[in-house]
Amino acid sequence: MNPTYEISSTSGIQAPRKTPNYKTWRAAGIGAAGLTLAFCVFRYLTIRNGRITFNLCVIVCSLLAISAMVIALSNAKHFGRGNVLRTAWLLIAPMGIVDCLLLACYTLPGVSAGGVRPERETAVRLAGLILAGTTLSGIARLVLAYVLWKMIGVYRGIAFKLRLHTSDYVMIVVLIAIATISVLYASNGISNNLRGLAPVVPDMMGWFPVVDWFRLLALSCCAVLGVIAWRYATDSGGGLVAKAWRSVLMYAALYLGYLAYSGLTAHFVIRPNLQAQPTSFSRFLGLIFLLVMFIGLVGSELMLFLGTTYQNEASNSAVELDAETLNALAAADQA
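For the sequence shown, the numbering used here begins at 1 and goes up steadily by one.
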């Protein structure tokens, strides 16, 4: 029976080693997200406290983001210094953490409506913190767009011809439409999320739409470039690498979709009914918003986590070689 060897992208031929059970990793991530969703829906229907469910979403997002960062850093180690893929996964690694830091800012006392209104000095610090977090999130999306652009350049450099399908064009049009909605109604979503701060620091509120538009434009670039990178990866062989970049695309698209829905809901539902008494219909709308929020926030971090596991599995995949092929590879390596 011929032995099985691994080929590493950094150190050549290596002895076989045990690889992680990736199916268990992915099942654990999906299971944790599913159980959290069920619990959030139960809490909303019984207590109708959206703040509790949002805080729980932030905790689950943080766990997924930390896991994704660790695996992404492991992915980078499979590629040599100067390799585009090494740079790509090093830059992708902290993106989930950046998202969670911004989400955590919205859980601070006095930011949203319903809590004790903060003093002017405290409100200024909170607003500055959220502005900094939103800017950092926009920069992270800009970096992701750069990563996707570099990946597209790699595929073009090895003479892969881009063949976009009809479904790809439809996806690009849909993503551009979602991005347009996000930009148009961004200020409404911001005003709704910062109802506790807006009356205290009205002079700072004008900065939030500007910073958020920057983030939304960066997100739009990520989504469109993600479609192209995924198509390249699929046509060049598909498999685990294509699944990894598809997950990165979904990470950007789900977050963008959540922001668009948040702005639309704030403009057409929440703002006209701020003073109205709760009804069965308004509670139903609240449940729908909870589901969309969960899919957008937790779903995007879950996609990032799944993408890192697919790439890690592809990098750790063993290749069976017989003795003759192994000797030929060893001779070529020495030459």
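We treat Cβ as the ideally placed atom computed from N, Cα and C, and that holds for glycine.
Here the alpha carbon of G82 sits roughly 29 angstroms from the alpha carbon of A253. Three or more Cβ pairs closer than 8 angstroms define a contact, and the segment 296-315 meets that threshold against the segment 236-247. Rounded to the nearest whole angstrom, the C-alpha separation of T309 and D203 is 45 angstroms. Judged by DSSP secondary structure, V248 falls within the alpha helix (DSSP H) whose first and last residues are 239-265. For the pair of segments examined, the segment 175-194 was found to touch the segment 204-211: the number of CB pairs separated by less than 8 angstroms reaches three. Approximately 6 angstroms separates the beta-carbon atoms of L306 and R26; this is inside 8 angstroms, confirming the contact.
For I158, no alpha helix (DSSP H) run applies, since DSSP gives it neither H nor E. Looking only at V211, I190, M250, L302, the smallest Cα-Cα distance to Y106 is reached by I190. DSSP, reduced to helix, strand and coil, places R81 outside both helices and strands of the structure shown, so it counts as coil. A Cβ-Cβ contact shorter than 9 angstroms links T87 with V147. According to the DSSP assignment, E119 belongs to no alpha helix (DSSP H), since it is labelled neither H nor E. Y169 places its beta carbon 9 angstroms or farther from that of A229.
In this structure, DSSP gives M204 a state outside helix and strand, which the three-state scheme calls coil. Sixteen is the threshold: when 16 or more other Cβ atoms of the shown chains lie within 10 Å of the Cβ of A72, as they do, the residue is buried.
Note that the segment 87-101 touches the segment 289-305; at least 3 beta-carbon pairs, one per stretch, sit closer than 8 angstroms.
By the Cβ neighbour-count rule, L249 is buried, with 16 or more other Cβ atoms within 10 Å of its own. The segment 128-146 and the segment 206-224 touch, with no fewer than 3 CB-CB distances between them shorter than 8 angstroms.
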